[in-house]
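Just so you know, we're using the working numbering here: the sequence shown kicks off at 87 and counts up by one.
All C-beta atoms in this analysis are idealised placements derived from N, C-alpha and C, irrespective of residue type, glycine included.
Take a look at the structure below.
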Amino acid sequence: MRAASPLALFNGSYLGQRPTGIGVVARDLVNALDPALVPLLDPLGGDRPHSLPIPADLSPEFGRQGHWRRLVWTQNELPRLLRARGAPLLLSPLPEAPLWRGVRSVVLAHDLLPLRYPQFSPLLAYHLAYVPLVLHRAVRVLCNSEATAREVHGRLGVPARRLVPIRLGFDPGRLRPLGLRREAFFLVLGRHDPHKNLDRVLRAFAKVKDPGGPLRLKLVGPHDRRYTPRLQALAKELGIAGRCDWLPWVSDGERLQLLNRAQALVMASLWEGFGLPALESMACGTPVVAARAGALPEVVGDAGLLVDPRSIDALTSALDQLLRDPALAAGLAAAGPVRAADFDWRATAGQVLEVLRECG
(Lines of atoms letter the chains of each structure in order from A and count residues from 1; the text may use other names and numbers.)
(Lines give C-alpha, C1' and ligand atoms only; values in the text may rest on other atoms or scores of the structure.)
Protein backbone atom coordinates (compact mmCIF):
# COMPACT_ATOMS: atom_id res chain seq x y z
CA MET A 1 0.00 0.00 0.00
CA ARG A 2 1.33 3.41 -0.95
CA ALA A 3 2.17 5.67 2.02
CA ALA A 4 0.00 8.71 2.56
CA SER A 5 1.30 11.91 0.99
CA PRO A 6 3.42 14.00 3.35
CA LEU A 7 2.87 17.67 4.12
CA ALA A 8 6.28 18.55 2.68
CA LEU A 9 9.73 17.18 1.96
CA PHE A 10 12.57 18.58 4.05
CA ASN A 11 15.48 19.83 1.99
CA GLY A 12 18.46 18.21 3.70
CA SER A 13 20.97 19.02 0.98
CA TYR A 14 22.85 21.46 3.26
CA LEU A 15 23.48 18.77 5.89
CA GLY A 16 27.03 17.50 6.36
CA GLN A 17 29.16 15.49 8.78
CA ARG A 18 30.40 18.64 10.58
CA PRO A 19 27.39 20.96 10.80
CA THR A 20 27.72 24.57 11.89
CA GLY A 21 25.23 27.43 11.84
CA ILE A 22 22.51 26.66 9.30
CA GLY A 23 23.54 22.99 9.31
CA VAL A 24 22.91 22.73 13.07
CA VAL A 25 19.53 24.45 12.68
CA ALA A 26 18.59 22.12 9.82
CA ARG A 27 19.59 19.02 11.78
CA ASP A 28 17.76 20.00 14.96
CA LEU A 29 14.62 21.24 13.21
CA VAL A 30 14.15 18.10 11.12
CA ASN A 31 14.75 15.95 14.22
CA ALA A 32 11.85 17.75 15.92
CA LEU A 33 9.44 17.12 13.02
CA ASP A 34 7.35 13.98 12.50
CA PRO A 35 9.20 12.00 9.78
CA ALA A 36 5.93 10.68 8.35
CA LEU A 37 4.62 14.22 7.85
CA VAL A 38 7.94 15.73 6.72
CA PRO A 39 10.27 13.12 5.21
CA LEU A 40 13.93 14.11 4.98
CA LEU A 41 15.89 14.30 1.76
CA ASP A 42 18.90 12.70 3.39
CA PRO A 43 22.50 13.02 2.13
CA LEU A 44 24.02 11.23 5.14
CA GLY A 45 22.44 7.79 4.88
CA GLY A 46 20.82 7.92 8.31
CA ASP A 47 18.12 5.65 9.73
CA ARG A 48 15.34 8.24 9.94
CA PRO A 49 12.07 6.61 8.76
CA HIS A 50 10.55 7.70 5.42
CA SER A 51 13.79 9.42 4.31
CA LEU A 52 14.77 9.64 0.66
CA PRO A 53 18.49 9.37 -0.22
CA ILE A 54 20.13 12.23 -2.10
CA PRO A 55 23.77 12.86 -3.15
CA ALA A 56 26.21 13.22 -0.26
CA ASP A 57 28.45 15.87 -1.84
CA LEU A 58 26.17 18.93 -1.77
CA SER A 59 26.98 20.52 1.58
CA PRO A 60 29.32 23.44 2.38
CA GLU A 61 31.89 20.89 3.54
CA PHE A 62 32.66 20.36 -0.16
CA GLY A 63 33.49 24.02 -0.66
CA ARG A 64 32.43 26.07 -3.63
CA GLN A 65 32.01 22.95 -5.79
CA GLY A 66 29.54 21.55 -3.26
CA HIS A 67 27.64 24.82 -3.33
CA TRP A 68 27.27 24.82 -7.12
CA ARG A 69 26.39 21.12 -7.19
CA ARG A 70 23.66 21.80 -4.62
CA LEU A 71 22.19 24.65 -6.66
CA VAL A 72 22.13 22.57 -9.86
CA TRP A 73 20.61 19.62 -7.98
CA THR A 74 18.01 21.93 -6.41
CA GLN A 75 16.80 23.20 -9.77
CA ASN A 76 16.92 19.92 -11.70
CA GLU A 77 16.46 16.96 -9.36
CA LEU A 78 14.51 18.26 -6.40
CA PRO A 79 11.25 18.90 -8.36
CA ARG A 80 11.30 15.29 -9.56
CA LEU A 81 11.62 13.98 -5.98
CA LEU A 82 8.68 16.13 -4.85
CA ARG A 83 6.48 14.81 -7.66
CA ALA A 84 7.51 11.20 -7.07
CA ARG A 85 6.71 11.42 -3.34
CA GLY A 86 3.47 13.37 -3.87
CA ALA A 87 4.52 16.24 -1.61
CA PRO A 88 2.71 19.56 -2.15
CA LEU A 89 5.48 21.63 -0.55
CA LEU A 90 9.22 21.84 -0.10
CA LEU A 91 10.40 22.84 3.39
CA SER A 92 13.89 24.31 3.10
CA PRO A 93 15.99 25.33 6.15
CA LEU A 94 17.61 28.09 4.08
CA PRO A 95 16.50 30.30 1.16
CA GLU A 96 17.15 27.70 -1.56
CA ALA A 97 14.38 26.22 -3.68
CA PRO A 98 13.57 25.43 -7.32
CA LEU A 99 12.50 28.56 -9.18
CA TRP A 100 10.53 26.84 -11.93
CA ARG A 101 8.45 23.69 -12.54
CA GLY A 102 5.67 24.85 -10.23
CA VAL A 103 7.38 23.96 -6.93
CA ARG A 104 5.75 25.61 -3.91
CA SER A 105 8.20 26.22 -1.09
CA VAL A 106 8.33 27.27 2.55
CA VAL A 107 11.85 28.51 3.32
CA LEU A 108 13.68 29.67 6.42
CA ALA A 109 15.46 33.05 6.26
CA HIS A 110 18.34 33.46 8.70
CA ASP A 111 19.58 36.96 7.86
CA LEU A 112 20.45 39.23 4.95
CA LEU A 113 24.04 39.81 6.00
CA PRO A 114 25.47 39.47 2.45
CA LEU A 115 23.20 42.36 1.45
CA ARG A 116 23.90 44.40 4.57
CA TYR A 117 27.68 43.80 4.27
CA PRO A 118 28.28 42.92 0.61
CA GLN A 119 31.62 41.36 -0.31
CA PHE A 120 32.88 40.77 -3.82
CA SER A 121 33.02 37.02 -4.39
CA PRO A 122 31.85 34.38 -6.88
CA LEU A 123 28.76 33.99 -4.66
CA LEU A 124 27.72 37.64 -4.92
CA ALA A 125 25.11 36.93 -7.61
CA TYR A 126 23.72 34.11 -5.46
CA HIS A 127 23.09 36.55 -2.59
CA LEU A 128 22.00 39.54 -4.68
CA ALA A 129 19.71 37.73 -7.15
CA TYR A 130 18.94 34.09 -6.36
CA VAL A 131 18.18 34.35 -2.62
CA PRO A 132 15.84 37.39 -2.98
CA LEU A 133 14.03 35.62 -5.84
CA VAL A 134 13.54 32.50 -3.70
CA LEU A 135 12.20 34.63 -0.82
CA HIS A 136 9.76 36.43 -3.12
CA ARG A 137 8.48 33.20 -4.69
CA ALA A 138 8.08 31.23 -1.46
CA VAL A 139 4.50 30.78 -0.25
CA ARG A 140 5.76 31.45 3.29
CA VAL A 141 9.08 32.69 4.64
CA LEU A 142 9.88 31.47 8.13
CA CYS A 143 12.11 34.07 9.81
CA ASN A 144 14.38 33.13 12.69
CA SER A 145 13.61 36.38 14.54
CA GLU A 146 11.50 39.51 14.44
CA ALA A 147 14.65 41.38 13.38
CA THR A 148 15.06 39.13 10.33
CA ALA A 149 11.36 39.49 9.44
CA ARG A 150 11.66 43.29 9.56
CA GLU A 151 14.74 43.18 7.35
CA VAL A 152 13.27 40.78 4.76
CA HIS A 153 10.22 43.03 4.50
CA GLY A 154 12.04 46.36 4.63
CA ARG A 155 15.07 45.56 2.49
CA LEU A 156 13.50 43.18 -0.05
CA GLY A 157 9.83 44.12 0.04
CA VAL A 158 8.54 40.61 0.71
CA PRO A 159 4.93 41.12 1.90
CA ALA A 160 4.61 40.98 5.68
CA ARG A 161 1.61 38.61 5.41
CA ARG A 162 3.95 35.91 4.04
CA LEU A 163 6.54 36.28 6.82
CA VAL A 164 6.26 34.03 9.88
CA PRO A 165 8.74 34.70 12.72
CA ILE A 166 9.66 31.53 14.58
CA ARG A 167 12.02 30.80 17.45
CA LEU A 168 14.96 28.51 16.93
CA GLY A 169 15.86 26.04 19.64
CA PHE A 170 18.64 23.90 21.03
CA ASP A 171 19.12 20.23 21.78
CA PRO A 172 19.10 19.68 25.58
CA GLY A 173 20.88 16.38 25.02
CA ARG A 174 23.84 18.20 23.48
CA LEU A 175 23.75 21.45 25.46
CA ARG A 176 23.18 21.56 29.21
CA PRO A 177 24.89 22.71 32.43
CA LEU A 178 27.50 20.21 33.63
CA GLY A 179 28.48 21.94 36.90
CA LEU A 180 32.15 22.14 35.88
CA ARG A 181 34.73 24.53 37.27
CA ARG A 182 35.12 27.66 35.19
CA GLU A 183 38.54 28.12 33.60
CA ALA A 184 40.47 31.25 32.67
CA PHE A 185 39.24 31.82 29.14
CA PHE A 186 36.60 33.63 27.16
CA LEU A 187 34.96 31.84 24.23
CA VAL A 188 34.02 33.01 20.74
CA LEU A 189 31.98 30.74 18.44
CA GLY A 190 31.52 31.62 14.80
CA ARG A 191 33.08 32.55 11.51
CA HIS A 192 35.73 35.22 11.08
CA ASP A 193 33.74 37.47 8.74
CA PRO A 194 34.04 41.25 9.30
CA HIS A 195 30.53 41.63 10.71
CA LYS A 196 31.54 39.28 13.56
CA ASN A 197 33.54 42.25 14.87
CA LEU A 198 36.46 40.12 16.04
CA ASP A 199 38.97 42.92 15.61
CA ARG A 200 37.23 44.83 18.40
CA VAL A 201 36.92 41.66 20.48
CA LEU A 202 40.69 41.16 20.25
CA ARG A 203 41.35 44.80 21.16
CA ALA A 204 38.98 44.58 24.13
CA PHE A 205 40.52 41.30 25.32
CA ALA A 206 43.97 42.89 25.16
CA LYS A 207 42.78 45.60 27.59
CA VAL A 208 41.13 43.29 30.14
CA LYS A 209 42.84 43.44 33.53
CA ASP A 210 43.41 39.79 34.35
CA PRO A 211 43.25 39.35 38.14
CA GLY A 212 43.82 35.62 38.31
CA GLY A 213 46.52 34.51 35.89
CA PRO A 214 47.00 33.84 32.18
CA LEU A 215 43.56 34.56 30.74
CA ARG A 216 43.01 33.09 27.25
CA LEU A 217 40.66 33.71 24.32
CA LYS A 218 39.45 30.63 22.44
CA LEU A 219 38.06 31.35 18.97
CA VAL A 220 36.17 28.40 17.47
CA GLY A 221 35.20 28.80 13.83
CA PRO A 222 36.32 27.89 10.32
CA HIS A 223 39.45 29.67 9.19
CA ASP A 224 39.03 32.01 6.23
CA ARG A 225 42.08 32.99 4.23
CA ARG A 226 40.51 36.40 3.59
CA TYR A 227 40.14 37.30 7.26
CA THR A 228 41.82 34.87 9.68
CA PRO A 229 45.45 35.84 8.88
CA ARG A 230 44.64 39.52 9.42
CA LEU A 231 43.03 38.79 12.78
CA GLN A 232 45.97 36.63 13.84
CA ALA A 233 48.36 39.42 12.80
CA LEU A 234 46.33 41.87 14.92
CA ALA A 235 46.58 39.52 17.92
CA LYS A 236 50.36 39.48 17.46
CA GLU A 237 50.47 43.27 17.18
CA LEU A 238 48.45 43.58 20.41
CA GLY A 239 50.81 41.20 22.21
CA ILE A 240 48.13 38.56 22.87
CA ALA A 241 48.93 36.00 20.15
CA GLY A 242 50.28 33.57 22.75
CA ARG A 243 46.96 33.76 24.64
CA CYS A 244 44.68 33.17 21.63
CA ASP A 245 43.65 29.69 20.51
CA TRP A 246 42.25 29.44 16.95
CA LEU A 247 40.20 26.23 16.61
CA PRO A 248 38.64 25.63 13.16
CA TRP A 249 36.04 23.14 14.42
CA VAL A 250 35.11 21.16 17.53
CA SER A 251 32.85 18.16 18.05
CA ASP A 252 29.55 18.39 19.92
CA GLY A 253 31.24 16.94 23.00
CA GLU A 254 34.11 19.41 22.85
CA ARG A 255 31.68 22.28 22.31
CA LEU A 256 29.72 21.24 25.40
CA GLN A 257 32.91 21.18 27.47
CA LEU A 258 34.08 24.58 26.21
CA LEU A 259 30.71 26.19 26.86
CA ASN A 260 30.62 24.80 30.40
CA ARG A 261 34.18 25.80 31.28
CA ALA A 262 34.33 29.31 29.77
CA GLN A 263 34.09 32.43 31.90
CA ALA A 264 31.71 33.78 29.27
CA LEU A 265 30.76 33.62 25.61
CA VAL A 266 31.54 36.81 23.69
CA MET A 267 29.27 37.56 20.72
CA ALA A 268 29.92 41.14 19.68
CA SER A 269 28.61 40.93 16.10
CA LEU A 270 27.56 44.10 14.34
CA TRP A 271 24.44 42.21 13.25
CA GLU A 272 22.95 38.74 13.77
CA GLY A 273 19.74 37.34 12.35
CA PHE A 274 19.49 35.17 15.47
CA GLY A 275 22.71 34.38 17.33
CA LEU A 276 22.62 30.63 18.00
CA PRO A 277 25.86 30.55 20.06
CA ALA A 278 24.29 32.95 22.57
CA LEU A 279 21.36 30.57 23.04
CA GLU A 280 23.71 27.59 23.32
CA SER A 281 25.76 29.39 25.95
CA MET A 282 22.71 30.30 28.03
CA ALA A 283 21.52 26.68 27.79
CA CYS A 284 24.80 25.64 29.41
CA GLY A 285 24.54 28.23 32.18
CA THR A 286 27.43 30.29 30.82
CA PRO A 287 27.29 34.11 30.98
CA VAL A 288 26.92 35.89 27.64
CA VAL A 289 28.37 39.22 26.55
CA ALA A 290 26.37 40.09 23.43
CA ALA A 291 26.00 43.02 21.09
CA ARG A 292 22.99 45.26 21.28
CA ALA A 293 22.40 44.64 17.56
CA GLY A 294 20.14 42.63 15.28
CA ALA A 295 18.28 39.80 16.99
CA LEU A 296 20.72 39.31 19.87
CA PRO A 297 18.63 41.37 22.35
CA GLU A 298 15.60 39.20 21.38
CA VAL A 299 17.56 36.06 22.18
CA VAL A 300 19.48 37.14 25.28
CA GLY A 301 16.86 39.33 26.97
CA ASP A 302 17.95 40.12 30.55
CA ALA A 303 20.02 36.94 30.86
CA GLY A 304 23.26 38.46 29.54
CA LEU A 305 25.26 41.67 29.29
CA LEU A 306 24.32 43.69 26.19
CA VAL A 307 26.91 46.17 24.92
CA ASP A 308 27.48 48.60 22.08
CA PRO A 309 29.49 46.43 19.65
CA ARG A 310 31.32 49.46 18.22
CA SER A 311 32.70 50.44 21.63
CA ILE A 312 35.91 48.65 22.60
CA ASP A 313 35.68 50.22 26.05
CA ALA A 314 32.16 48.83 26.54
CA LEU A 315 33.33 45.35 25.59
CA THR A 316 36.34 45.62 27.88
CA SER A 317 34.19 46.83 30.77
CA ALA A 318 31.74 43.93 30.39
CA LEU A 319 34.54 41.36 30.40
CA ASP A 320 36.17 43.03 33.40
CA GLN A 321 32.83 43.02 35.26
CA LEU A 322 32.40 39.28 34.82
CA LEU A 323 35.90 38.57 36.08
CA ARG A 324 35.66 40.87 39.10
CA ASP A 325 32.04 40.36 40.18
CA PRO A 326 31.33 36.70 41.02
CA ALA A 327 27.77 37.53 42.05
CA LEU A 328 27.04 39.02 38.62
CA ALA A 329 28.54 36.00 36.88
CA ALA A 330 26.57 33.61 39.09
CA GLY A 331 23.33 35.50 38.49
CA LEU A 332 23.75 35.36 34.71
CA ALA A 333 24.72 31.68 34.90
CA ALA A 334 21.47 30.95 36.74
CA ALA A 335 19.35 33.11 34.42
CA GLY A 336 20.70 31.53 31.23
CA PRO A 337 18.99 28.12 31.33
CA VAL A 338 15.70 29.73 32.36
CA ARG A 339 15.84 32.05 29.36
CA ALA A 340 16.98 29.26 27.02
CA ALA A 341 13.97 27.13 28.02
CA ASP A 342 11.79 29.56 26.04
CA PHE A 343 13.48 28.32 22.84
CA ASP A 344 12.07 24.81 22.37
CA TRP A 345 12.36 22.92 19.07
CA ARG A 346 9.16 21.01 19.85
CA ALA A 347 7.16 24.25 20.01
CA THR A 348 8.88 25.47 16.84
CA ALA A 349 8.08 22.22 15.05
CA GLY A 350 4.42 22.59 15.99
CA GLN A 351 4.39 26.09 14.54
CA VAL A 352 6.08 24.91 11.33
CA LEU A 353 3.58 22.07 10.89
CA GLU A 354 0.74 24.56 11.32
CA VAL A 355 2.22 26.68 8.50
CA LEU A 356 2.61 23.62 6.25
CA ARG A 357 -1.00 22.56 6.85
CA GLU A 358 -2.21 26.08 6.11
CA CYS A 359 -0.26 26.22 2.83
CA GLY A 360 -0.64 22.64 1.64
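Closer than 6 Å by C-beta to residue i: which residues in its own chain qualify, once you throw out the five before and the five after it? Chain order, please.
{"i": "L400", "result": "Note on identity: in this sequence residue 400 is Ala, with Leu being the wrong assignment. Within the same chain, A400 has close Cβ partners V393, D394."}
{"i": "Y313", "result": "H278"}
{"i": "R114", "result": "The sequence as given places Asp at residue 114; Arg does not occur at that position. So the list reads D257, W431, once near-sequence residues are dropped."}
{"i": "E358", "result": "G380, A381, L382"}
State the Cα-Cα distance for the pair residue i and residue j, rounded to the nearest angstrom.
{"i": "L93", "j": "P179", "result": "15 Å"}
{"i": "W186", "j": "I108", "result": "24 Å"}
{"i": "G387", "j": "G380", "result": "13 Å"}
{"i": "P280", "j": "P200", "result": "11 Å"}
{"i": "S99", "j": "A112", "result": "10 Å"}
{"i": "S207", "j": "T372", "result": "36 Å"}
{"i": "K293", "j": "L320", "result": "14 Å"}
{"i": "A122", "j": "G172", "result": "13 Å"}
{"i": "L194", "j": "I326", "result": "39 Å"}
{"i": "R448", "j": "L264", "result": "Residue 448 is absent from the model: the chain starts at 87 and stops at 446."}
Excluding five sequence neighbours on each side, which residues of the same chain lie with their C-beta closer than 7 Å to the C-beta of residue i?
{"i": "H239", "result": "A246, L249"}
{"i": "E366", "result": "F256, L261, L345"}
{"i": "K295", "result": "D406"}
{"i": "A426", "result": "F256, L365, M368, A369"}
Indicate, with yes or no, if the ligand MN has a heavy atom lying under 7 Å from the CB of residue i.
{"i": "L333", "result": "Here there are no bound small molecules, and the ligand MN is not part of this structure."}
For the beta strand (DSSP E) containing residue i, name the first residue and the last one.
{"i": "L249", "result": "249-251"}
{"i": "N230", "result": "Note, N230: premise wrong, no beta strand (DSSP E); not H, not E."}
{"i": "S178", "result": "176-178"}
DSSP has residue i in a bridge; who is on the other side?
{"i": "P139", "result": "D128"}
{"i": "D331", "result": "K304"}
Within 10 angstroms of the Cβ of residue i, are there 16 or more other Cβ atoms? Answer buried if so, exposed if not.
{"i": "Y203", "result": "exposed"}
{"i": "E182", "result": "buried"}
{"i": "A170", "result": "exposed"}
{"i": "S137", "result": "buried"}
{"i": "A211", "result": "exposed"}
How is the alpha helix (DSSP H) around residue i delimited, first residue to last?
{"i": "W431", "result": "431-445"}
{"i": "P317", "result": "As written in the sequence, residue 317 is Leu, which differs from the Pro given in the question. Taken as a continuous stretch (DSSP letters only), the alpha helix (DSSP H) holding L317 covers 314-323."}
{"i": "V217", "result": "217-223"}
{"i": "F291", "result": "284-293"}
In its own chain, which residues sit with a C-beta less than 8 Å from the C-beta of residue i, not counting the 5 before and 5 after it?
{"i": "P146", "result": "Y100, G102, G109, G152, H153"}
{"i": "R378", "result": "L392, V393, D394, P395"}
{"i": "G131", "result": "P139, A142"}
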